[in-house]
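Protein sequences appear in the order of chains A and B. For the first sequence, counting from 1, position 35 maps to 41 in the working numbering; every step adds exactly one. For the second sequence, counting from 1, position 116 maps to 260 in the working numbering; every step adds exactly one. By construction, the Cβ of each residue, glycine as well, lies at the ideal position given by its N, Cα and C atoms. On a predicted model such as this, the values are computed, not experimentally measured, just so you know. These notes are about the structure you will find just below.
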Amino acid sequence: MKKLLIVDDQVNIRRMICLALRDHFSTVEADNADSAYTMILAEPPTGIVLDVMMPGSMNGFQLCQRIKSDPALRAIHVVLITACGQVADQELGRSLGADAYFVKPFSPLALVQHLTRSCC
Amino acid sequence: MALIGNTGTVEAANPAFVSSAGMALEQLLGMEEADLDAHLSTLDLPRRRVEVSVDALRAVHYLCNSAVPKQDMRHLARVAEALREPLASIYGFTELLLTQNYDEPTRRDLTAMVLEQVEELGNLINERLDLTRQTDPPGSSA
């Protein structure tokens, strides 16, 4: 099974996403972007489901930018999940190289469908 | 709002959108979505695009141009973001409960989480209402 990293400071959201994905992917979790980056460097996952607004020195946009500007990491499929619903935020996500952008509240089934199509 | 049809052009727009966009309805109708997007990006207004999968429609564009000051708009955006967090859990867990066959303990656990998030949503709304009442007592806007 391919591995996905789920990054969100809300434990409920991480649990919901992991539960939705469990038949298709193995999942690991991080509750902030700094820990996520350490995990990615240690063992790059196939994809990342990444919240934008999180405590720590980096937010989701900044982590996305780091991943997509690193030739060794840029193949990782990045899905941003955020409570920021403005078009400007989505455009920023796209400009940083995010592969998809889901606005909360979102359908976990739609997320599974997207990831199975893109990462399997 | 403005509706984008399957042809990728504006098929309809309501008067509020027309006014906020600063264009005549005749100019908007038939406009390519990319051109509309380019025009809207020049306006300093909150906006949103929602993809739809209805037969003849591709997307809906929303544009907000109320008399609410910018500072209040930012506050409203923060409130909306705070409300989206528990809503995401409620939507997601409910969808999973409806579509997946979980064992009884898992179903009970997930249902309890939905209830917990509904309470969280209620608390957030009440907190915001309390703040509004403190700054804007009942009857003050009448």
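Residue i, buried or exposed, once every other Cβ within 10 Å from all chains shown has been counted against 16
i	result
L242 of chain B	exposed
R158 of chain B	Checking the displayed sequence, the identity of residue 158 of chain B turns out to be Asn instead of Arg. The residue is exposed, with fewer than 16 neighbouring Cβ atoms inside 10 Å.
D14 of chain A	buried
G266 of chain B	exposed
V17 of chain A	exposed
R218 of chain B	exposed
P77 of chain A	exposed
C126 of chain A	exposed
T33 of chain A	buried
Interface residues of chain A facing residue i [CB-CB closer than 7 angstroms]
i	result
S233 of chain B	N18, I19 and M22
T243 of chain B	L115
F237 of chain B	M22
R228 of chain B	A89, K110 and P111
M257 of chain B	N18
Secondary structure of residue i, DSSP reduced to three states
i	result
I46 of chain A	helix
R202 of chain B	strand
A36 of chain A	strand
A94 of chain A	helix
F31 of chain A	coil
K8 of chain A	coil
L79 of chain A	coil
L102 of chain A	coil
D57 of chain A	strand
A178 of chain B	helix
T151 of chain B	coil
L69 of chain A	helix
P114 of chain A	helix
D14 of chain A	coil
Y235 of chain B	helix
V109 of chain A	strand
Best match in the options for proximity to residue i [C-alpha to C-alpha]
i	options	result
E177 of chain B	B:Q215, B:D274, B:E195 and B:I269	B:E195
H205 of chain B	B:V258, B:A226, B:L172 and B:Y246	B:L172
I87 of chain A	A:A104, A:C125, A:R72 and A:V34	A:A104
L184 of chain B	B:V262, B:L207, B:N270 and B:L254	B:L207
V262 of chain B	B:R218, B:R228 and B:L201	B:R228
P50 of chain A	A:E35, A:S63 and A:P61	A:E35
R80 of chain A	A:H30, A:F31 and A:I46	A:I46
Contact set between residue i and chain A, taken where Cβ atoms lie within less than 9 angstroms
i	result
Q215 of chain B	Here the premise fails: no neighbours, minimum Cβ distance about 16 angstroms.
Chain-ordered chain E contacts of residue i [CB-CB under 7 angstroms]
i	result
V93 of chain A	Absent from the structure: chain E. Protein chains present are A and B.
Chain-ordered chain B contacts of residue i [CB-CB under 9 angstroms]
i	result
F112 of chain A	A232, Y235 and G236
A26 of chain A	G236, E239, L240 and Q244
Amino acids of chain B, ordered along the chain, whose beta-carbon sits closer than 7 angstroms to that of residue i
i	result
C90 of chain A	E225
Check: residue i C-beta below 7 angstroms from any heavy atom of the ligand GDP
i	result
S63 of chain A	Among the components of this structure there are no ligands whatsoever, and the ligand GDP is therefore not found.
TODO: Spell out a yes or no on whether the region 88-99 of chain A and the region 118-125 of chain A are touching, meaning 3 or more CB-CB pairs, one atom from each, closer than 8 angstroms.
DONE: no
- [ ] Mind the definition here: the region 86-96 of chain A touches the region 159-168 of chain B only if three or more C-beta pairs lie below 8 angstroms; say whether that holds.
- [x] no
Task: the region 21-39 of chain A / the region 55-63 of chain A touching (three or more Cβ pairs under 8 angstroms) - done: yes
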